[in-house]
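Asker: Just passing along the structure, written as structure tokens.
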Amino acid sequence: MSFAAVASSTPRTQRFAGAYQQVGVQTVVADASAHRLIELLFEGYFADIARARGALRSGDVATKGQAIGHAARIVEEGLKAALDPVGGGRLAADLADLYAYIGIRLTQANLSNDERILDECARLVAPLRDAWVAIGPQAATRN
Numbered sequence: 003m004s005f006a007a008v009a010s011s012t013p014r015t016q017r018f019a020g021a022y023q024q025v026g027v028q029t030v031v032a033d034a035s036a037h038r039l040i041e042l043l044f045e046g047y048f049a050d051i052a053r054a055r056g057a058l059r060s061g062d063v064a065t066k067g068q069a070i071g072h073a074a075r076i077v078e079e080g081l082k083a084a085l086d087p088v089g090g091g092r093l094a095a096d097l098a099d100l101y102a103y104i105g106i107r108l109t110q111a112n113l114s115n116d117e118r119i120l121d122e123c124a125r126l127v128a129p130l131r132d133a134w135v136a137i138g139p140q141a142a143t144r145n
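Shown next as structure tokens:
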């Protein structure tokens with residue numbers, strides 16, 4: 003048995019790995035621009051959708067619920083909260099409506115165990131993420 007196999011199976015090592023990951027996340031967030039923070043929200047959203055999909059397929063109800071709940075929080079408390087309703091005008095209003103719809107659909111996906119709804123939620127956000135990533139170089143030159 004290799005050291006890696008032994009190390010990865012101990013609770014102590016798992017705690018260290020979790021702490022290391024948390025420190026890594028905190029460092030990324032602390033050093034990130036406003037543009038990068040939104041990118042991180044998009045990344046987290048898609049990771050949670052993938053995790054929910056996997057949990058749904060394996061019948062892991064608790065993980066599915068946690069992943070969908072976290073994705074919904076990213077949309078509501080992150081993406082939607084970052085909108086500027088005054089300066090953003092009609093675009094911000096439309097995005098707020100879209101994010102509200104996605105929140106409802108995520109709840110429906112959780113309640114009905116419907117992977118197609120998760121797919122819909124991913125499809126709705128993908129163009130936003132892609133556009134946001136595409137304008138990243140322009141946003142970096144403004145800072």
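So for the sequence shown, my numbering puts the first residue at 3; every next one is plus one.
Ideal Cβ positions, reconstructed from N, Cα and C, are used throughout, including at glycine.
#1: Here's the rule: buried if 16 or more other CB atoms are within 10 angstroms of the residue's CB, otherwise exposed. What is N115?
#2: Out of G61, T65, I106, V77, point me to the one whose CA is closest to G46's CA.
#3: Rounded to whole angstroms, what's the CA-CA distance from A84 to D121? Just pull it up for me.
#4: Under 8 Å by Cβ, that's how I've got A74 and K66 pegged, so tell me the actual separation to the nearest angstrom.
#5: Please state whether DSSP places P87 in a helix, a strand or coil.
#6: Helix, strand or coil: which one does DSSP assign to N115?
#7: First and last residue of the alpha helix (DSSP H) that includes I70?
#8: If distances are taken between C-alpha atoms only, which option among A111, Q110, K82 comes closest to L100?
#9: From L42 to R125, what does the alpha carbon distance come to, in whole angstroms?
#10: Would DSSP call S60 helix, strand or coil?
#11: Of all the options H37, S35, R38, I51, which has the alpha carbon lying nearest to the alpha carbon of I119?
#12: Would you grab the beta carbon distance between A111 and I70 for me? Rounded to a whole angstrom, and I think it's under 8 Å.
#13: Buried or exposed for L58, going by 16 or more other Cβ atoms inside 10 Å?
#14: Taking the alpha carbon of H72 as the reference point, which residue from R92, A95, I104, D86 has its own alpha carbon closest?
Answerer: On the basis of the coordinates in this document:
#1: exposed
#2: V77
#3: 24 Å
#4: Their Cβ separation, rounded to whole angstroms, is 12 Å, which puts A74 and K66 out of contact at 8 Å.
#5: coil
#6: Correct three-state label for N115: coil.
#7: Residues 63 to 75.
#8: A check of alpha carbon separations from L100 across A111, Q110, K82 identifies K82 as the nearest.
#9: 18 Å
#10: helix
#11: I51
#12: Contact check for A111 and I70: beta-carbon distance about 6 Å, within the 8 Å limit, so the pair qualifies.
#13: buried
#14: I104
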